[in-house]
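Asks:
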Amino acid sequence: MSAEIVWIMGRPASGKTTLASYYTQSLRGNKEVILHLDGDVLRAGLNSDLGFCAKDRLENIRRVCELVRLLSLQGIKTVVSMITPTHNIQDFVRQSLIGLRLHLVYLHCDVHECIRRDPKGLYARALRGEISDFTGVNAPFEEPINPDLILGSDSLAPDLCHKDLMRYLNCGSLKA
Numbered sequence: 006m007s008a009e010i011v012w013i014m015g016r017p018a019s020g021k022t023t024l025a026s027y028y029t030q031s032l033r034g035n036k037e038v039i040l041h042l043d044g045d046v047l048r049a050g051l052n053s054d055l056g057f058c059a060k061d062r063l064e065n066i067r068r069v070c071e072l073v074r075l076l077s078l079q080g081i082k083t084v085v086s087m088i089t090p091t092h093n094i095q096d097f098v099r100q101s102l103i104g105l106r107l108h109l110v111y112l113h114c115d116v117h118e119c120i121r122r123d124p125k126g127l128y129a130r131a132l133r134g135e136i137s138d139f140t141g142v143n144a145p146f147e148e149p150i151n152p153d154l155i156l157g158s159d160s161l162a163p164d165l166c167h168k169d170l171m172r173y174l175n176c177g178s179l180k181a
């Protein structure tokens, strides 16, 4: 049986990495084996040869999906934190990981809140025209259609988003 895959997607600075870190640490605290694949880390290493045009974005996702598939089939639980910006890319993830225990989680955060957070200053640079192809400014971000779970990081603290994620994964819904 394949291991569980939690794919957290959302705008830049929406809290994807933070939520994935909470989830990873909680499972490791229970002595579970889990691997966190973060989009920024993957872009800096495995996918450092790729840019941000549509073709390269899809190749970035394709490589990550292949890695996630291999890990899942080896019984390694995985959490992915990546923007996953367009419906085409979101559909690609679903199709690439069909038959596996995939949970697509949309971490909703209003763009104005993401700009306010902007820990790396990337929104500010994109708005000044210093960065091209920045998701949500001069490259598209399309809110996912029918994700398995939607969490609002602009209205819930990270620990509450984590609690809701765990409730969903353990119970199949957010109902108590």
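Just so we're aligned, residue 6 is where the sequence shown starts under my numbering, counting upward by one. Note that beta-carbon positions come from the ideal geometry of N, C-alpha and C, so glycine has one too.
(1) First and last residue of the alpha helix (DSSP H) that includes D61?
(2) With a 10 Å radius around its C-beta and 16 neighbouring C-beta atoms as the bar for buried, classify I13 as buried or exposed.
(3) Measuring CA to CA, which of E37, K36, S53 and V38 is closest to G2?
(4) Is it the case that the region 13-31 contacts the region 110-126, given that we only count it when at least three CB pairs across the two stretches are under 8 Å?
(5) Let me confirm a value: A181 is counted as buried when at least 16 other C-beta atoms fall within 10 Å, else exposed. Which label applies?
(6) Can you tell me the Cα-Cα spacing of C166 and G34, whole angstroms?
(7) On the three-state DSSP scale, how would you describe V85?
(8) Going by the beta-carbon positions, is the gap between D138 and G56 smaller than 9 Å?
(9) Of the residues I136, T91, V110 and C119, which one's Cα is nearest the Cα of R145?
Replies: Let me lay it out:
(1) In the sequence shown, the residue the question calls residue 61 occupies position 56. For D61, the enclosing alpha helix (DSSP H) begins and ends at A59 to L78.
(2) Your numbering for residue 13 matches position 8 in the sequence shown. It counts as buried.
(3) This structure gives no information on residue 2, because the portion of the chain shown stretches from 6 to 181.
(4) Contact holds: three or more Cβ-Cβ distances are below 8 Å.
(5) On the sequence shown, position 176 is the one that residue 181 refers to. Residue placement at A181 cannot be trusted, given a pLDDT of 45 that sits under 50; the coordinates are not used to answer.
(6) Residue 166 sits at position 161 when you count from the first residue of the sequence shown. Residue 34 sits at position 29 when you count from the first residue of the sequence shown. Cα to Cα, the separation comes out at about 18 Å.
(7) Here residue 85 corresponds to residue number 80 of the sequence shown, with the count starting at 1. It is a strand residue.
(8) Numbered from its first residue, the sequence shown carries residue 138 at position 133. Numbered from its first residue, the sequence shown carries residue 56 at position 51. Going by C-beta atoms, D138 is nearer than 9 Å to G56.
(9) On the sequence shown, position 140 is the one that residue 145 refers to. Arg is not the amino acid found at residue 145; the sequence shown has Pro there. The residue with the shortest Cα to Cα distance from P145 is T91.
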